[in-house]
Amino acid sequence: TSKICAVVGEVVEAGNISIIGVGQAKSEGVRKGEVIDLDAAGESIHKAVAEAEESAGVEIHNVFASVTGGHIRCFNSRGSVTITSDEREITDEQVSSVLQNAKAVNIPVDNVVVHAIRQHFFVDGHDGIQNPVGMIGARLEADVHVIYGVRTRLQNTIKCIKEVPLDVQNIAVASFASALAVLTTEHQQQGAVVIDIGAGTTDYIVYRDGTIQHSGVLAVGGDHLTNDIATGLKIPMPLAEQLKIGHGSVDYPVADESISLKRGVGLPDRDISKDQLCRIMNLRVEETLTFVKKELDKQKLHDYLGAGVFITGGCARLRGLEALATRVFGLPVHIGHSHTVNGPTSAIESPEYSTAIGLVRFALG
Numbered sequence: 107t108s109k110i111c112a113v114v115g116e117v118v119e120a121g122n123i124s125i126i127g128v129g130q131a132k133s134e135g136v137r138k139g140e141v142i143d144l145d146a147a148g149e150s151i152h153k154a155v156a157e158a159e160e161s162a163g164v165e166i167h168n169v170f171a172s173v174t175g176g177h178i179r180c181f182n183s184r185g186s187v188t189i190t191s192d193e194r195e196i197t198d199e200q201v202s203s204v205l206q207n208a209k210a211v212n213i214p215v216d217n218v219v220v221h222a223i224r225q226h227f228f229v230d231g232h233d234g235i236q237n238p239v240g241m242i243g244a245r246l247e248a249d250v251h252v253i254y255g256v257r258t259r260l261q262n263t264i265k266c267i268k269e270v271p272l273d274v275q276n277i278a279v280a281s282f283a284s285a286l287a288v289l290t291t292e293h294q295q296q297g298a299v300v301i302d303i304g305a306g307t308t309d310y311i312v313y314r315d316g317t318i319q320h321s322g323v324l325a326v327g328g329d330h331l332t333n334d335i336a337t338g339l340k341i342p343m344p345l346a347e348q349l350k351i352g353h354g355s356v357d358y359p360v361a362d363e364s365i366s367l368k369r370g371v372g373l374p375d376r377d378i379s380k381d382q383l384c385r386i387m388n389l390r391v392e393e394t395l396t397f398v399k400k401e402l403d404k405q406k407l408h409d410y411l412g413a414g415v416f417i418t419g420g421c422a423r424l425r426g427l428e429a430l431a432t433r434v435f436g437l438p439v440h441i442g443h444s445h446t447v448n449g450p451t452s453a454i455e456s457p458e459y460s461t462a463i464g465l466v467r468f469a470l471g
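So the sequence shown is numbered by this note's numbering: it starts at 107 and just counts up by one.
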């Protein structure tokens, strides 16, 4: 919503990835994570990709893209097949068939499945099986996590990129991509929630016992925070954005102090209470985090998150966020650095690059 980011990765020894180039451009024509002006968004994509090409010393012809938006939904589904062969040995074809069966569920006619991510297999009711190929059984079942969205709204993002022109190899929802960047296999096994707070949306995804159990998108982000500041303090949006970045915190200051605002030619300067600024910010961010916490409680997942909470996205840089999130969730909180790739420290330690870095992991398969 606020920036277009392009990341180039190179596969190095043992299948590891090294980031070799990054490009970024101010985003135009995107609102709440979705394209609203094809030409403006296309120009922003072109700038970001050109910068990434120059940075990496490569030509870019095809990309993996992240998608988000308030229309993205999820659910868990189970499929089953009967093993009819005389030997009752489970084959690759039957595994493919049971996964197809699990994701062949009724979703609204104008929607399309973006991901059907396997969780666990069951052979004759025996659960927690990771790879059933070669096992003997009469009935094979599979649980999958299905993420889907409105077809036309996803197609607009793809169309915009294709007109740059770039080929779109595949798409991934932003939260899944971010998780691929910030969570190690150990984090996934221990249980973790990744919360990606961008300018227009907050995307979250939950792992338990190494598999995705729940995910979602809230159509609220850093721009709403800026809007709250502008409304609450009765100042223009650009000034509110400057205050948020320069002086804001989601924790209250120890002692109140005044922030002097330069109002421009012909207008008197004005003093703003830092305490008031921080209270406005605290309310919005606490509300957003509390919504995610309620979702975890509703899905009965909160007690299975041994690795804790990982926060990424541009808003992960908000002062006081770690302390506030710790209070809301009662879990360890990490501001999301990318743990699954190598490369320039500036890119890996920037939470706003997590989604794009995760897309490189996604591309590796």
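Backbone N, C-alpha and C fix where the C-beta goes; we use that ideal spot for every residue, glycine too.
If you're wondering where the values come from, they're calculated on a predicted model, not measured in any experiment.
Taking 8 Å as the limit between beta carbons, can you name the residues of its chain near residue i, skipping five residues before and five after?
{"i": "GLY420", "result": "SER108, LYS109, ILE303, GLY304, ALA305, GLY328, PRO457, GLU458"}
{"i": "ARG314", "result": "GLY297, LEU407, TYR410, LEU411"}
{"i": "ALA158", "result": "ALA112, VAL113, VAL114, GLY127, VAL128, GLY129, ILE166"}
{"i": "VAL211", "result": "PHE181, SER183, VAL252"}
Using the beta-carbon count (16 or more within 10 Å), is residue i buried or exposed?
{"i": "VAL118", "result": "exposed"}
{"i": "ASP216", "result": "exposed"}
{"i": "THR461", "result": "buried"}
{"i": "THR396", "result": "exposed"}
{"i": "SER452", "result": "exposed"}
{"i": "GLY231", "result": "exposed"}
{"i": "ILE142", "result": "exposed"}
{"i": "LYS404", "result": "exposed"}
{"i": "VAL239", "result": "exposed"}
{"i": "ARG259", "result": "buried"}
{"i": "MET343", "result": "exposed"}
{"i": "GLN275", "result": "exposed"}
{"i": "VAL360", "result": "exposed"}
Under the DSSP definition of a beta bridge, which residues are partnered with residue i?
{"i": "ALA222", "result": "VAL252"}
{"i": "CYS472", "result": "The shown model of the chain, from 107 to 471, leaves out residue 472, and the question about it has no answer."}
{"i": "GLN130", "result": "CYS111"}
{"i": "ASN448", "result": "SER124"}
{"i": "ARG376", "result": "LEU367"}
{"i": "SER485", "result": "Since the displayed the chain opens at 107 and closes at 471, residue 485 lies outside it and no answer follows."}
{"i": "PHE227", "result": "ILE235, ALA248"}
{"i": "HIS440", "result": "PHE416"}
{"i": "VAL299", "result": "VAL312, VAL415"}
Less than 7 Å between C-beta atoms, sequence neighbours within five positions excluded: which residues of the same chain meet that for residue i?
{"i": "HIS353", "result": "ILE365, LYS380, LEU383"}
{"i": "VAL283", "result": "Before going on, a small fix: residue 283 reads as Ala here, not Val. The residues are SER172, THR461, GLY464, LEU465, PHE468."}
Which two residues bound the contiguous alpha helix (DSSP H) that contains residue i?
{"i": "LEU339", "result": "328-339"}
{"i": "ILE151", "result": "144-162"}
{"i": "ASP381", "result": "380-404"}
{"i": "LEU427", "result": "427-435"}
{"i": "HIS353", "result": "It is not in any alpha helix (DSSP H) - HIS353 carries neither H nor E in the DSSP assignment."}
{"i": "GLU286", "result": "In the sequence as displayed, the identity of residue 286 is Leu instead of Glu. Start and end: 280-288."}
{"i": "GLY322", "result": "Counting along the chain, GLY322 falls outside any alpha helix (DSSP H), though it belongs to the beta strand (DSSP E) covering 317-324."}
{"i": "ILE463", "result": "460-470"}
{"i": "THR197", "result": "Taken as a continuous stretch (DSSP letters only), THR197 belongs to no alpha helix (DSSP H), as it is neither H nor E."}
Taking the alpha carbon of residue i as the point to measure from, which residue in the options has its own alpha carbon closest?
{"i": "GLY322", "options": "PHE181, CYS266, VAL164, ALA120", "result": "PHE181"}
{"i": "LYS138", "options": "ALA469, ALA280, ASP362, ILE454", "result": "ALA280"}
{"i": "ASN262", "options": "VAL173, LYS400, PRO238, THR317", "result": "VAL173"}
{"i": "GLY414", "options": "GLY129, ALA285, VAL256, VAL252", "result": "ALA285"}
{"i": "ARG224", "options": "ASP230, GLY231, MET241, GLN206", "result": "GLN206"}
{"i": "ARG194", "options": "LEU260, ILE242, THR432", "result": "ILE242"}
{"i": "VAL218", "options": "HIS443, VAL299, ARG179", "result": "ARG179"}
{"i": "ALA154", "options": "VAL169, ARG245, ASN388, PRO450", "result": "VAL169"}
{"i": "LEU324", "options": "GLN348, LYS400, ASN388, SER444", "result": "LYS400"}
{"i": "ALA248", "options": "LEU260, VAL274, GLN200", "result": "GLN200"}
{"i": "HIS177", "options": "GLU140, LEU339, ALA244", "result": "GLU140"}
Can you find the residues in the same chain that come closer than 6 Å, C-beta to C-beta, to residue i, ignoring five residues on each side of it along the sequence?
{"i": "ALA162", "result": "VAL114, ILE126, GLY127"}
{"i": "VAL270", "result": "GLY148, ILE151, HIS152"}
{"i": "ALA346", "result": "THR332, ILE335, ALA336"}
{"i": "HIS221", "result": "ILE253"}
Looking at the secondary structure, which residues open and close the beta strand (DSSP E) in which residue i lies?
{"i": "CYS180", "result": "179-188"}
{"i": "ASN212", "result": "Counting along the chain, ASN212 falls outside any beta strand (DSSP E), and DSSP gives it neither H nor E."}
{"i": "LEU411", "result": "From DSSP, LEU411 is part of no beta strand (DSSP E); its letter is neither H nor E."}
{"i": "THR308", "result": "308-314"}
{"i": "ILE166", "result": "Unbroken run through ILE166: none, as it is neither H nor E."}
Checking contacts by CB at 8 Å: is residue i closer than that to chain D?
{"i": "ASP315", "result": "You won't find chain D in this structure, because it holds only one protein chain."}
Residue i: beta carbon under 7 Å from a heavy atom of the ligand GDP?
{"i": "CYS180", "result": "Ligands displayed in this structure: none; no statement on the ligand GDP is therefore possible."}
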